[in-house]
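S.K.: This is the structure I want to talk about, given as structure tokens.
In the numbering used here, the protein residues as written are 7 to 188.
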């Protein structure tokens with residue numbers, strides 16, 4: 007998809023329409039392929055603290071991956087608090103509940119000034135330059151502006167979320183890499 011002349015709003019709508027053409031089982035299979043790659047990535051292997059997200063049905067599914075790794079690595083999950091994201095450790099099944107936007111969010115106390123080694127980040131669309139198009143609220147851009155610049159950021163994307171060029175603004179935070187099942 008050529009996004010160079012496409013607005014962020016149009017691109018969100020186009021990618022969302024594509025995702026909903028896939029069956030949930032197909033998206034789960036693609037998600038598993040993405041996480042097989044992540045598990046082999048040196049940044050993940052070396053990471054002690056990983057920022058993840060509890061996925062929505064149209065995002066790369068993180069649920070199994072979180073359950074698989076939370077006892078071996080510290081997994082931090084975001085929680086919407088006003089206009090910001092606070093970060094909370096995932097401590098196992100039952101440590102989340104439905105929060106803002108219908109997203110399961112952690113109920114554990116927040117971690118102040120976390121030392122994060124790796125961030126695995128959702129998005130609506132990505133390009134090969136590391137540009138990310140989120141849902142439009144700017145939560146992750148504000149979060150990364152407050153955290154250590156040395157966090158390695160990997161966008162997680164289905165192949166259909168990869169576009170030629172994501173339209174960007176000056177405050178949009180770039181990913182260091184994008185991992186897809188291709």
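Backbone N, C-alpha and C define an ideal beta-carbon position, used for all residues, glycine too.
1. Measure the alpha-carbon distance for residue 118 versus residue 112 and round it to whole angstroms.
2. Does the pairing of the region 15-24 with the region 33-51 give three or more beta-carbon distances under 8 angstroms?
3. Taking the straight line between their C-alpha atoms, what separation do you get for residue 71 and residue 60?
4. Just to confirm my understanding: we take residue 163, look at its own chain, exclude 5 residues before and 5 after, and list those with CB closer than 6 angstroms. What are they?
5. Is there a Cβ from chain B that is less than 8 angstroms from the Cβ of residue 63?
6. Residue 187 by DSSP, collapsed to three states: which one?
7. How close, in whole Å, do the beta carbons of residue 66 and residue 122 come, if the pair is a contact with beta carbons under 8 angstroms?
8. Go through the region 113-187 residue by residue and report every complete run of the alpha helix (DSSP H) that reaches 4 residues or more, in order.
9. My output table needs one value for residue 52: the three-state DSSP class, helix, strand or coil.
10. In chain order, what residues of the same chain lie with their CB nearer than 7 angstroms to the CB of residue 116, ignoring the 5 residues before and after it?
11. Just tell me which of 38, 87, 97, 35 has its CA closest to the CA of residue 78.
12. Cα separation between residue 109 and residue 62?
13. Quick test of your reading: residue 136 and residue 167, contact by CB under 8 angstroms. State the CB separation rounded to the nearest angstrom.
14. Between residue 175 and the rest of its own chain, which residues show a CB-CB distance below 6 angstroms, the 5 nearest in sequence each way excluded?
15. Going straight from the alpha carbon of residue 190 to that of residue 104, what length do you get?
16. Near residue 18, what residues of its chain come up, given a Cβ to Cβ distance below 8 angstroms and the 5 sequence neighbours on each side ignored?
17. Select from 148, 124, 165, 173 the residue whose C-alpha is nearest the C-alpha of residue 158.
M.R.: On the basis of the coordinates in this document:
1. In the chain shown, counting from the first residue as 1, residue 118 sits at position 112. In the chain shown, counting from the first residue as 1, residue 112 sits at position 106. Residue 118 and residue 112: Cα-Cα distance of roughly 15 angstroms.
2. Taking 8 angstroms as the limit for Cβ pairs, the verdict is that the region 33-51 does not touch the region 15-24.
3. Counting from one through the chain shown, the residue named residue 71 turns up at place 65. Counting from one through the chain shown, the residue named residue 60 turns up at place 54. Those two C-alpha atoms are separated by around 10 angstroms.
4. Residue 163 sits at position 157 when you count from the first residue of the chain shown. The answer, listed in chain order, is 132, 184, 186.
5. In the structure shown, chain B does not exist; there is a single protein chain.
6. For this step, residue 187 is matched to residue 181 along the chain shown. Shown here, residue 187 sits in coil according to DSSP, grouped into three states, outside any helix or strand.
7. Residue mapping note: residue 66 aligns to position 60 of the chain shown, counting from 1. Residue mapping note: residue 122 aligns to position 116 of the chain shown, counting from 1. Rounded, the Cβ-Cβ distance is 19 angstroms, inconsistent with contact.
8. 145-152, all fully within the region 113-187.
9. Looking up residue 52 in the chain shown gives position 46. Three-state result, residue 52: helix.
10. Working through the chain shown from its first residue, we reach residue 116 at position 110. Excluding positions up to five away in sequence, the list reads 92, 93, 94.
11. Position 72 of the chain shown, counted from the start, is the residue given in the question as residue 78. Nearest option by C-alpha distance: 97.
12. By one-based count along the chain shown, residue 109 stands at place 103. By one-based count along the chain shown, residue 62 stands at place 56. About 7 angstroms.
13. In the chain shown, counting from the first residue as 1, residue 136 sits at position 130. In the chain shown, counting from the first residue as 1, residue 167 sits at position 161. For a cut-off of 8 angstroms, the C-beta gap from residue 136 to residue 167 is around 13 angstroms, too long to register as a contact.
14. Here the question's residue 175 lines up with position 169 in the chain shown. Once the five neighbours on either side are set aside, residue 175 has no close Cβ partner at all.
15. Look at the range of the chain in this structure, 7 to 188, and you will see that residue 190 is not part of it.
16. By 1-based counting over the chain shown, the position of residue 18 is 12. Shown here for residue 18: same chain residues with a beta carbon closer than 8 angstroms to its own, the five before and five after excluded, namely 130, 131, 139, 141, 142 in chain order.
17. Along the chain shown, read from residue 1 onward, the residue named residue 158 stands at position 152. The alpha carbon of residue 158 has as its nearest neighbour, out of 148, 124, 165, 173, the alpha carbon of 124.
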